[in-house]
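Heads up: the sequence shown begins at -12 in the working numbering, then just goes up one per residue. Shown next, in structure tokens, is the structure this report addresses.
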Amino acid sequence: MIEKGLVEGMNKIYFLLKLSLYFWIIALMGGFVLGVGPALIAAIEIISEADWDFKEISFKKMTLLFKENFKRGNQIFYTFGLICLFLFLSLYTSSQMTGMLFLVIDFLLVLLLIIVAISGLFSYSVVSTYEISFKNLVKLSLILFFKEVKGSVSIVIFVLILSIVAVKFPAIAFFMGSGLLAYFLYRLGEKINQNLRIN
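Written out as structure tokens, the structure reads:
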């Protein structure tokens, strides 16, 4: 029983390591700048098909999914990413000012930054589950931030834990972080799908 558990655990670790390695390779195919978004969607879709079988992860399959999701992955990455960058720069500028008004502005900017960042991660979960137009994807992702409170909180906790691991153990974060993120977003997508069907 213990041996079986150890074997399953090692297989899952190897699965995440292999997935993360392929993620970085195909992300570099897009020059990294154009590769991260599509690579993340490809990794999520691989997880949905593989069911922890590391033999199901292949470079050919990942490349095919990368190409299929190239446009949509970059739409999500740059739409939410650029908005987050704008809000962050606005927050940085506002934080240099003093006064109650700027304190309120800082608070609102932080809140907006959190909403946009979490909605961006929700969008990866949604797009790997549903065929949906980009406009409706953005709307649904923003709605999910308020509707799926547990999901929003779990994203914050996951990102915090991953950030701490990245600081303390950068090698683990590099070699397993992208695989863990893809698996987390896949599970989140499953829960969203269940909740939407129930409602």
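Each residue gets a CB set at the ideal place from its N, CA and C atoms; glycine is no exception. All of these numbers come straight from a predicted model, not from anything done at the bench.
Is the CB-CB distance between residue i and residue j below 8 Å?
i	j	result
Ser112	Leu175	yes
Val152	Ile159	yes
Ser128	Ser110	yes
Ser35	Tyr170	no
Ala104	Cys71	yes
Val146	Thr66	no
Ser106	Phe132	yes
Gly24	Met16	no
Asn182	Glu135	yes
Phe75	Leu100	yes
Ile142	Leu168	no
Ser120	Trp11	no
Phe53	Ile13	yes
Thr116	Asn180	yes
Closer than 7 Å to a non-hydrogen atom of the ligand SAM - does that hold for the CB of residue i?
i	result
Phe73	Looking for the ligand SAM in the displayed structure turns up nothing, as the structure carries no ligands at all.
Check for me: the alpha helix (DSSP H) holding residue i runs from which residue to which?
i	result
Leu129	121 to 134
Leu27	23 to 37
Would residue i pass as an interface residue toward chain B - the criterion being a Cβ-Cβ separation below 8 Å?
i	result
Trp11	The structure shown contains no chain B; it holds only a single protein chain.
- Query: With contact counted as at least three CB pairs below 8 Å, one residue from each stretch, are the segment 30 to 50 and the segment -4 to 11 in contact?
  - Reply: yes
- Validate contact between the segment 43 to 54 and the segment 22 to 30 using beta carbons, cut 8 Å, 3 pairs: yes
- Message: What ranges does the beta strand (DSSP E) occupy inside the segment 42 to 107, keeping only unbroken runs of at least 3 residues that lie completely in it?
- Response: none
- May I ask you to verify whether the segment 60 to 67 touches the segment 81 to 94, counting CB pairs closer than 8 Å and requiring at least 3? no
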